[in-house]
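S.K.: Quick one: the structure is below, questions incoming.
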Amino acid sequence: MAVNYSAKEEADGHPAGAGPGGGAATGGGGAVKTRKPDNTAFKQQRLPAWQPILTAGTVLPAFFIIGLIFIPIGIGIFVTSNNIREYEIDYTGIEPSSPCNKCLNVSWDSTPPCTCTINFTLEHSFESNVFMYYGLSNFYQNHRRYVKSRDDSQLNGDNSSLLNPSKECEPYRTNEDKPIAPCGAIANSMFNDTLELYHVENDTRTAITLIKKGIAWWTDKNVKFRNPTGDGNNLTALFQGTTKPVNWPKPVYMLDSEPDNNGFINEDFIVWMRTAALPTFRKLYRLIERKSNLQPTLQAGKYSLDITYNYPVHSFDGRKRMILSTISWMGGKNPFLGIAYITVGSICFFLGVVLLIIHHKYGNRNTSADIPN
Amino acid sequence: REPPPGTEAYIPQRFPDNRIVSSKYTFWNFIPKNLFEQFRRIANFYFLIIFLVQLIIDTPTSPVTSGLPLLFVITVTAIKQGYEDWLRHKADNAMNQCPVHFIQHGKLVRKQSRKLRVGDIVMVKEDETFPCDLIFLSSSRGDGTCFVTTASLDGESSHKTHYAVQDTKAFHSEQEIDALHATIECEQPQPDLYKFVGRINVYHDRNEPTARPLGSENLLLRGATLKNTEKIFGVAIYTGMETKMALNYQSKSQKRSAVEKSMNVFLIVYLCILISKALINTVLKYVWQSEPFRDEPWYNQKTEPERKRNQFLQAFTDFLAFMVLFNYIIPVSMYVTVEMQKFLGSYFLTWDEEMFDEDTGEGPLVNTSDLNEELGQIEYVFTDKTGTLTENNMEFVECCIEGHVYIPHVICNGIGLGPFKGQVTYYTREELFFRALCLCHTVQVKDDDNVDGLKKSQLSRRSRIYISSSPDEVALVEGIQRLGYTYLCLKDNYMEILNRENNREKFELLEVLSFDSVRRRMSVIVKSSTGDIFLFCKGADSSIFPRVKEGKIDQIRSRVERNAVEGLRTLCVAYKKLTAEEYSNAQKMLQNAKLALQDREKKLAEVYEKIERDFILLGATAVEDRLQEKAADTIEALQKAGIKVWVLTGDKMETAAATCYACKLFRRNTQILELTTKKIEEQSLHDVLFDLSKTVLRHSGSLTRDSLSGLSTDMQDYGLIIDGAALSLIMKPRQDGSSGNYRELFLEICRNCSAVLCCRMAPLQKAQIVKLIKLSKEHPITLAIGDGANDVSMILEAHVGIIGKEGRQAARNSDYAIPKFKHLKKMLLVHGHFYYVRISELVQYFFYKNVCFIFPQFLYQFFCGFSQQPLYDTAYLTLYNISFTSLPILLYSLMEQHVSADTLKREPSLDVAKNALLRWRAFIYWTFLGVFDAVVFFFGAYFLFDNTIVTSNGQMFGNWTFGTLVFTVLVFTVTLKLALDTHYWTWINHFMIWGSLLFYIVFSLLWGGIIWPFLNYQRMYYVFMQMLSSGPAWLGIILLITVSLLPDVLKKVLCRQLWPTATERIQVKIFFCVISF
C-alpha cells in the first residue's frame, strides 16, 4: 500500500484525532444556525487521513508477497495431505458380489440382525492414530424438516422438555401417548450399524481395540448434552414416563453399559445429532490408538470388517462406507486446499509479472506526461 | 360583531378558532396513524408482508429475523417523527397560547391567542407578530400607516407599508375603536399572500354606511412582524387554519433525486432476481421431490397434516418460504442507512466554515437532505441576477436631465450644478425632475433616534433613514438628497421636501399608482402648494418611452442605453400636469376600480393604463448594483465543471448583458447570439431560429473536425441572449401543431451555448424556462438560485432550489440556503461531489454485500434438497445488515474523500456527471462481483468440507459450522472490500472497519459461548470456537478472502493503469506530489 500519510493542513492545530466522535454528528446541529461553526478538523472534514491508492506500483509487491507466501503453504498442505493414509470401503452391498448384498433390504426390526464380513487389505501401514469413520451418501441430514426436528432443551436434561418435547419434533414427538426421548427425526434415525475391525494374520483374527470415547466434541458431551436430573443415577428411573424412538431397538438409557456414556451423553448419539452440512458426509465412529512407538497402529496386511447391518439406505439410494484415516495438523486427506493455495499463489505471482510489464510499459505515461491541465 | 339592523340578511358563518395546528398526530392517534403512514411506503410494506408471511406459514427463518430489523426501522422512524411532531405541538402551543391584546367593552384585555375569534379587535405592539390576519384599522402613526416585515412569510426582509382603512384611522383609543360599527365582506380564504379583496361598511350613527375598498395593503398577515410603529389596531378576519400563512404551509411537493430513482430501479431488478430465485428453487424442489424416496425418506417423515395438504397450496407456501429465505437481498437497513447518511451528511454542509458568512453571521441551511447528492449532479444552474449575482446594495450613480448628466458626488464637492443654473427653460424641468424623484416613491422615513440593527445602519450618520421595499428607491432618494433635495416626511397625506435653498415645500399626495412588475412603473399624483396637480411617473425605459409625447427622448435614450451597457440599473422619469378636471376623472376611475370586488387587478391595470399616458420626459437615473464578491470566479469554476449557467433576470438586456460580462459568464471571445424581440421584428422567428442553429451547428461540426485533427483546442464560445417576449413566442403552441419544432430548435441552440442570458423575464417565465430544460430529452439536473419572492416559482420547479441572502425564512421554499453566491462553488463542486460519490458507493455496496450474503443460501438449496434450510444461523441473518456490516459503510458514506476538497475546487470536472457511478455498467459490475464472491465463498467451503476431515482431532463439523465458515469469510470480505474502496482513512475509519470485524468475532464467541437459557435451540453452541480451533478452517478463510478480493483489486489496478479516469489521474498526481516532497 502507498505510504501517503498526508496530515492535511490543520488551521486550528487540533491534534490528530481530536475531532468529536460520532456523537457530535447527531448532537451539534441545532445551534449551528446562529453562530459560526466550530473549526474542528472533524466538522471541516479535515481530519488527518491516510490516503492510499491502489496503483500497479503499490499492488505489485503485494501480489509477489502473496504468491511467495501461498505457494509454499500450498506445497506444504499438499505434501501433508498426500502423506495421510486413508482407506475407504463401501459396504452398502449394492453389487451382488458383495458379502453385504444379502442385507441390502434390511429393515429396522429384523431379528436376528443381519451380519456380514468384508475382508480387505491395507497396502501401507497406518503409522499414527487411526480414526474410524462411517460415511453416508445421499442422506439429507441437512434437510430443513430434519435439521429442526430435535429438542435441545430435552437433550440438555430439562425435565419438563423430557416429558413434553417441542412441537418441532413432530411426527417423532410422541408414540402411543408417551413422549419420545430423545424426540425428533434426527434421533429417530440414529445410525445403528456396528462395525468391528479384525486384523487377519495367518487366519487368526485379532480384534482391534476401538475406543468409543472422545469422538464427540468435548463441549457437546459435557455441556450441551445432559441426562435428565433427579434422585439417584438410575437412568431407567430418570427416563421414566418416556418411550424410545420408534426405530430404536432399545431405549436411550440402554445405549451403553457405561454410565458416563449412556443416555443422552452417549457419544455415538451426540455425533449423530450434529447434523452434517452436505448430503454426503462422514462421522467419527471409533478411535484406534497407537499402542507403542515401535509398531504402527495398523500394519499393512489383511483385515476384516464385521458389520452388524441394521441401517437401511437402499430405499433412498444411499451408500454406506467405512473409512480409516490418519490425521495431521490439517485434518484428513484433502487435496483441495493445497492445490487451491498453489493455484492462487501462482496466479498472484503471474499477475504480479503481468502488472510489472504493464507498469513498465504504461507506467511513465501515467505518472508524469499525460496529466491533463 | 352584529351588524346594525337594516342591513341585508347576514348568514352566520362558522369561523375556525385561532388555533394553528401544524402537528400531524395527537397523543391518541399517534401509533395507528404513524404506523399507517409508515406502511404506506412501499419498502416498509414489503417488509411487513415478509414478516407476516413468516408469522403465518412455516418458514425457514424465524419471524424475528425480519421482524426485529423492521421493528427497529419503524421504531426509529416513529421516534423521529414523534419527536418532530412533539416539537410542532410545542411550537403550536407556544403560538396558540401567546398573549394577545383584545379590545373588549372598551378595555384592553389579555387573552391567549387561540381564543381569538373572527371579528375581534386586536392591538399589536411594535416587534410583535400578528396573531391572525387582520384588517388594519388604525395605527399610532398619524398618517395611518404601519411597517411590516414579511420575512417569515415570503422572505422579504424589507419593510412594507400598509395603510389603515381611511374611515377608522383616526381611532386611537380603545374606547373609540370599541365604538366602531362596521361590517366587512371579504373573499373566501386563499393562500395567495399578495391578493386580497374585501369591502368594509362603516356605520355612522344613523347615516348610510360608507363603503371602503379593502386591498392587500389593508391586510396584515399572520406571521408578519410590526416594525417602527408603536401599536396598531386591527380586526381579525381570517383566523387559525384559514390564515394565509396556514394555507401556505401545505403543498410542498417532494423532490426525488436521481440517485433515489436509480436506487428504485435497482430495487426492482433485485426484486425480479429474488422472485426468479424463489421460482427456480420451487420448481426444482418439485422436480427433485418427484421421487418419493427423496420427498419423504424413512428417516425424515412428514406429519399427517403436511401429507394431506393441497399440492398447489403447498407449492405456493414453498414459494413464499423461498422468498422469505432470500428476502435479505433487499435489505431493510439500506433505507435506514441512506436516510441516516443524508441526514447526518447534511451537517457537514452546515458546519462548513468556508460557507459561513461573517457579515450576516449566517451559515448555509439545509432544508431537505434528500437532495444532497443531487448537488453534485447539477448540469444547469439558473441564477437570478439582482441580489444573487449582485449585491442588491444600490448606489445612486448619476442622473441625466434633458440629456445633461449630474453626478452626485461632484456636487458634494461643491462644484455645483454648473452651466444650467438660471436658464429658465431647463430650470423648471430640472426642478421638476428632482421633485419627481423626491415625490414619486413609497419610501418611508424613520427618524434615527431609535435605530435598529438593520442593514440600513450604515446610513445612520445621516439625519434620517429611508425604508422601502425596493432598494432602488432608497438609493434614488438618498442620491437626490446629495443633490440637494431632501425628502422629509409624509404627514397627513402631505409630502414635505427640503429644496436646495433649504425651503420646505409641501405637496399633497393625492394618489399612488403603485409599482407592479407587469407595468414596470409607478406614479404619484400630487398637488403642489400652488395648486398645480402633477402626475410623476418613474419606471423602466421600455414602459416610459412609449408613453412620452414630449422631451429629449433621443438624448436620454442614448444615455440610458450607455448606462445599461455599463451594467447600471436605469429608470426613466416623466411627468404630466393634470387639470383639476382630469384629476377628478382619474380619481373617480381609480376609486371605482379599487372598490370592485371582482377582477380588481385587471380593472386597476386598465385605469392605470388610461391615466399614465402623454408624459413629458424629464430624465433618467442610473443606479449601480455591485457584483457579489467572487461571483465571476464562481461562475468560471462552474463553467469549467461543465455546468451551464443561465442568468434569468427581469432586468433589461443591456444591463443584464453587462453584468454577465462583468461576472465572466460571457467572455471577450464569446460570440453573442441574440434572440430578442427586436431581431424577431426584423425577421420572422422561424428565420432567426434557423439562422442561429445553423451558426451553432456549423461551429460544433467544425469543432469535431478540429479535435479529430488535433489542430485547434480553443473553441468558440457561444452566448445566447433571449428576452421574455421572444421566449413566449417560442413557447407558444402554434395552431398547426408543430409547436415542438421551435422548442426543439431552441433547445438545440441552447445546448451548444456555454452561457445563456434570459432577460425581461416574468417570474412565471423563469419557472417555464427551468421546466423546459428539465423536461428536455436528456433530463438534465437543474438548480435554480435566487433571493426573492419572484424566484420562488423557479426554485420550486428546479431539481434543487437555493435561496441566497434575502430570503432567510422564505428558504422554506428552497431546498438549501446559502449566504452568498460564491458559496455555490464549494457547495456544488465539493460538497455535492462528495455526497454523490459517497451515496453512489453506499447504494452499490449495499446491493453487493447482500448479493454476497444471499447467493450462498441460494446455492445451498441445491445441496439440501431445496428444503429452504438456511445456511446461516438466525442471529447472523438478523445482525448481518444491522450491525456487522452497517457501520463501516455508513461511516464511509459520511467521510470518504476520494480526492481532497481543494483538488475538487481546482479541477472541478471529475467524472460524476449524469449519474455516472450508478449507470447500468457499474451496477452490473457490482452485482457480478457479488455473485462471484458468493460462489467463491460457497464452493470454497464446499470443497473444504466435502467428505473430508477438517479438524486435527478427527471430530466432524456439522452444517452450522459450514454456514459459520461461509459467514465469516463473507463478513471479512465485504468489510475488506470496503476498506479497499476507502481512500480516506481517518482514525474513525480505522476504528469502524477493524472495530466491526472485532465486534463480529466477539459477538460470535459470546453467541456460541453460552447455553442461552431462553432459546429453544442451541445449535451455535461452541461452533465458532471449534471452527477457529481447526487449522484448515483458518487456511480456508484466508484463501477465500484473498480469492474474492483479487478480481476487484486487479480490476482497479488495471483500469487505473490502462484507462484511468480523470479522478484517478488527479489522485495519482497528488500522490506523486506527496511522494516527491
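Protein chains in written order, with UniProt numbering: chain Z, 1 to 373; chain F, 1 to 1077.
Glycine residues also receive a C-beta, built at the ideal position from the N, C-alpha and C atoms.
1) How about residue 252(Z): is its C-beta nearer than 8 Å to some C-beta of chain F?
2) To which residues of the same chain is residue 22(Z) closer than 6 Å at the C-beta, ignoring the five residues directly before and after it?
3) Hey, out of 38(Z), 45(Z) and 80(Z), whose CA is closest to residue 989(F)'s CA?
4) Among residues of its own chain, excluding the 5 on either side of residue 368(F), which ones have a beta-carbon nearer than 6 Å to its beta-carbon?
5) Among 61(Z), 50(Z), 341(Z) and 92(Z), which has the Cα closest to the Cα of residue 316(Z)?
6) If I follow the unbroken alpha helix (DSSP H) through residue 64(F), where does it start and stop?
7) Thinking C-alpha only, which one of 645(F), 475(F), 891(F) and 498(F) is nearest residue 1079(F)?
8) How is the beta strand (DSSP E) around residue 381(F) delimited, first residue to last?
9) Would you be able to state if there are at least three C-beta pairs under 8 Å between the region 619-628 of chain F and the region 384-404 of chain F?
10) Quick one: Cα of residue 349(F) to Cα of residue 1029(F), how far?
11) Label residue 1078(F) either buried or exposed according to how many other C-beta atoms from any shown protein chain fall within 10 Å of its C-beta, with 16 as the threshold for buried.
12) Report the three-state DSSP secondary structure of residue 666(F) (helix, strand or coil).
13) Could you work out which residue in 231(F), 72(F) and 81(F) is closest to residue 125(F) when comparing CA atoms only?
14) Measuring only between beta-carbons, confirm whether residue 279(Z) sits less than 8 Å from chain F.
15) For residue 50(Z), name the three-state secondary structure that DSSP assigns.
16) Which residue spans inside the region 978-1043 of chain F form an unbroken beta strand (DSSP E) run of at least 3?
17) Let me know the secondary structure DSSP gives residue 104(F) once reduced to three states.
18) Note down, in chain order, every chain Z residue with its Cβ under 9 Å from the Cβ of residue 71(F).
19) If contact is defined by three or more beta carbon pairs under 8 Å, each pair taking one atom from either stretch, is the region 1030-1043 of chain F in contact with the region 316-331 of chain Z?
20) I want to verify the contact list: residues of chain Z whose CB lies under 8 Å from the CB of residue 983(F), in sequence order.
21) Exposed or buried, residue 998(F), counting other C-beta atoms within 10 Å across all chains shown (16 or more means buried)?
22) Quick one: Cα of residue 115(Z) to Cα of residue 255(Z), how far?
23) Within this structure, are the beta carbons of residue 121(Z) and residue 304(Z) separated by less than 8 Å?
24) Measuring only between beta-carbons, confirm whether residue 84(F) sits less than 8 Å from chain C.
25) Who pairs with residue 357(F) in a beta bridge, going by DSSP?
26) At least one CB of chain Z closer than 8 Å to the CB of residue 901(F): is that the case?
27) Below 8 Å on C-beta distance, what does residue 1030(F) contact in chain Z?
28) Is residue 398(F) buried or exposed, if buried means 16 or more other CB atoms sit within 10 Å of its CB?
29) Starting from residue 272(Z), trace the alpha helix (DSSP H) in both directions and tell me its first and last residue.
30) Please work out which residues of its chain come closer than 7 Å, Cβ to Cβ, to residue 908(F), disregarding the five sequence neighbours upstream and downstream, and give them in chain order.
31) Under a CB-based cut-off of 8 Å, is residue 284(Z) close to chain F?
32) Use the C-beta contact count for residue 878(F): other C-beta atoms within 10 angstroms, 16 or more gives buried, fewer gives exposed.
33) Compute the Euclidean distance between the alpha carbons of residue 185(F) and residue 176(F), then round it to the nearest angstrom.
34) Identify which residue in 191(Z), 238(Z) and 188(Z) has its Cα closest to the Cα of residue 158(Z).
35) Assuming contact is defined by CB atoms lying nearer than 8 Å, are residue 1081(F) and residue 167(F) in contact in what I supplied?
36) By the 8 Å beta-carbon criterion, what residues does the region 292-314 of chain F contribute toward chain Z?
M.R.: Looking at the coordinates:
1) no
2) Note that residue 22(Z) scores 34 on pLDDT, short of 50, meaning its location in the model is unreliable; the coordinates nonetheless yield the value given after this. Result list for residue 22(Z): empty, nothing under 6 Å.
3) 45(Z)
4) 815
5) 92(Z)
6) 63-97
7) It is not possible to answer for residue 1079(F), since the shown part of chain F is limited to 1 through 1077.
8) 380-384
9) yes
10) Straight-line measurement puts the Cα of residue 1029(F) at about 49 Å from the Cα of residue 349(F).
11) Residue 1078(F) is absent from the model: chain F starts at 1 and stops at 1077.
12) coil
13) 231(F)
14) Yes, its Cβ sits closer than 8 Å to a Cβ of chain F.
15) strand
16) none
17) strand
18) Chain Z residues near residue 71(F): none, gap ~21 Å exceeds 9 Å.
19) yes
20) Within 8 Å Cβ-Cβ: 51, 52 and 53.
21) With fewer than 16 Cβ atoms within 10 Å of its Cβ, residue 998(F) is classed as exposed.
22) One C-alpha to the other measures close to 19 Å.
23) Taking 8 Å as the cut-off, the Cβ atoms of residue 121(Z) and residue 304(Z) do not count as close.
24) This model lacks chain C altogether; the protein chains it does include are Z and F.
25) 362(F)
26) yes
27) 331
28) buried
29) 267-273
30) 637, 640, 641 and 829
31) yes
32) buried
33) 22 Å
34) Ranked by Cα distance from residue 158(Z), the first of 191(Z), 238(Z) and 188(Z) is 238(Z).
35) Beyond the ends of chain F as shown, which are 1 and 1077, falls residue 1081(F); an answer cannot be given.
36) 293, 294, 297, 298, 299, 300, 301, 302, 303 and 304
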